[in-house]
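K.L.:
Below you'll find the structure I mean.
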Amino acid sequence: MSPDNPDRERPADEPDRPTPPGASGPTPSVGESPSAGESPLVGEQSAGAGPWGAYQSSLQLSFDEPRRPLRATVTVLGTVLALAVLGVPFGLLWAVLAPDTPVVKTVEGAIYADPQPEQPIAADGWFSLLGLGFGLLVALALWFVLRRRRGPVGLLAAVLGALVAAPVAWQVGRRVGLATFDRLLATAPAGQAFTKPADLRAGGVDWLLGVLPVPHGNLLLPAFGAAIMYTLLAGWSRWPGLRPEPEPADLSWVSAGTPAPTAAPAPPAPDEAEPPRG
């Protein structure tokens, strides 16, 4: 043993070995900064404790949720059925707002009292405006009601529901007062004037192969409005997955071991003697 080598068991030229992990050693002081490459939140993230761990676990539960195609199908079908029922008040409102067309009974049937009536055009216009507003409201309502189905499932439910509700509204609205018109058309004498209930001239339903109904014209406006509104809501959503995500509570990016900045020394009092200089 010598002053250059106080430890007789270790050669003098052997460098100091690092302290193994977990061994007791001096604890860094509060003012020391963490080592290079080490994040201040490493301990919290690895332990899974604290608000950051709870936030990660909640996100994992929400995004790793298994897909259930059957439940999505039931959601779409139930939404379409509910919107088809809402087509009934839509059609009744259209029948109230759309004006009836004056006609005159002749030997060959009923003809317009005015050679160029404006009432059929007004009926088409009212249905177009109401249908567009109906589609916008449908998309807005489904965005908040089907919060967990936002995305393709919600968009499909809104578009199909509005597409089914439009023919229902048309058939309900055009039948208001239609029985009275048919009775007068069959029994009224020639020359008698009466009115014809509102109907669509710019829209209707075609049958593909005699089985599949295909709407066209202004019957497509409710579905168009629903698609536009739902797409805008998705584009302006602040969540990447469109579903509401839990907000991290009390999450701080500063480690608890980071010391607070020291306050500046207070200025000396006016009557306090100034310390000697030099």
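Heads up: the sequence shown runs through residues 1084 to 1361, numbered per the working numbering. Ideal Cβ positions, reconstructed from N, Cα and C, are used throughout, including at glycine.
1. Residues in the same chain with beta-carbon distance under 7 Å from Leu1169, minus the five sequence neighbours each way, listed in chain order, please.
2. Can you tell me whether DSSP reads Gly1300 as helix, strand or coil?
3. Could you give the C-beta distance for Ala1310 and Val1242, rounded to a whole number, given that I count them as a contact under 8 Å?
4. Taking DSSP as the reference, what is the three-state secondary structure of Thr1189?
5. Given this structure, state the Cα-to-Cα distance separating Ala1137 from Arg1321, to the nearest angstrom.
6. For the beta strand (DSSP E) that contains Val1363, what are its first and last residues?
7. Take Thr1314 and list the residues in its own chain whose beta-carbon comes closer than 8 Å to its own, dropping the five residues that flank it on each side.
8. On the DSSP letters alone, give me the boundaries of the beta strand (DSSP E) that Ala1155 sits inside.
9. According to the Cβ coordinates, are Ala1281 and Ala1206 closer than 8 Å?
10. Just to confirm the assignment, what range does the alpha helix (DSSP H) spanning Ala1248 have?
11. Taking Ala1276 as part of the beta strand (DSSP E), name the residues at either end of that continuous run.
12. Determine the direct distance from the alpha carbon of Trp1319 to that of Ala1119, and round the result to whole angstroms.
13. Compute the Euclidean distance between the alpha carbons of Gln1300 and Gly1192, then round it to the nearest angstrom.
14. Kindly list the residues whose CB is nearer than 6 Å to the CB of Gly1260, restricted to its own chain and excluding five residues on each side of it in sequence; keep chain order.
15. Run through DSSP, which three-state label would Leu1212 get?
16. Going by other Cβ atoms of all chains shown within 10 Å of its Cβ, with 16 needed for buried, is Ala1167 buried or exposed?
17. Buried or exposed for Arg1231, please, with buried defined as at least 16 other CB atoms from any protein chain shown within 10 angstroms of its CB.
18. Cα separation between Phe1264 and Leu1212?
19. Grab me the residues of Val1171's own chain with a C-beta within less than 7 Å of its C-beta, minus the 5 sequence neighbours each way, in chain order.
20. Taking the DSSP output, what are the residues bridged to Tyr1195?
21. If you compare alpha carbons, which of Ala1269, Val1288, Ala1245, Pro1298 is closest to Pro1305?
22. Look at the alpha carbon of Arg1258 and the alpha carbon of Pro1323, and state the distance between them as a whole number of angstroms.
23. Flag this pair as yes or no: are the beta carbons of Leu1223 and Ala1240 separated by less than 8 Å?
24. Does DSSP put Leu1283 in a helix, in a strand, or in coil?
25. I'd like to check one pair, Val1288 with Val1294: are the Cβ atoms closer than 8 Å?
26. Can you give the Cα-Cα distance for Leu1160 and Gly1234, rounded to whole angstroms?
27. Can you list, in chain order, the residues of its chain whose CB lies under 8 Å from that of Ala1178, leaving out five sequence neighbours each side?
P.N.:
Taking the coordinates as given:
1. Ala1248
2. strand
3. 5 Å
4. coil
5. Because the pLDDT of Ala1137 is 46, which lies under 50, any placement of that residue in the model is unreliable, and the question is left without a value.
6. Beyond the ends of the chain as shown, which are 1084 and 1361, falls residue 1363; an answer cannot be given.
7. Leu1238
8. Per DSSP, Ala1155 belongs to no beta strand (DSSP E); it is in the alpha helix (DSSP H), 1152 to 1180.
9. yes
10. 1235 to 1257
11. 1276 to 1279
12. Below a pLDDT of 50, predicted positions are generally treated as unreliable, and Ala1119, at 46, falls in that range; the measurement from the model is reported next regardless. For Ala1119 and Trp1319, the distance between alpha carbons rounds to 40 Å.
13. The sequence as given places Gly at residue 1300; Gln does not occur at that position. Approximately 28 Å between the Cα atoms of the pair.
14. Pro1280
15. helix
16. buried
17. exposed
18. 26 Å
19. Val1251, Val1255
20. Val1186
21. Ala1245
22. 46 Å
23. no
24. coil
25. no
26. 16 Å
27. Val1255, Gly1256, Arg1257, Val1259, Gly1260, Pro1280, Ala1281
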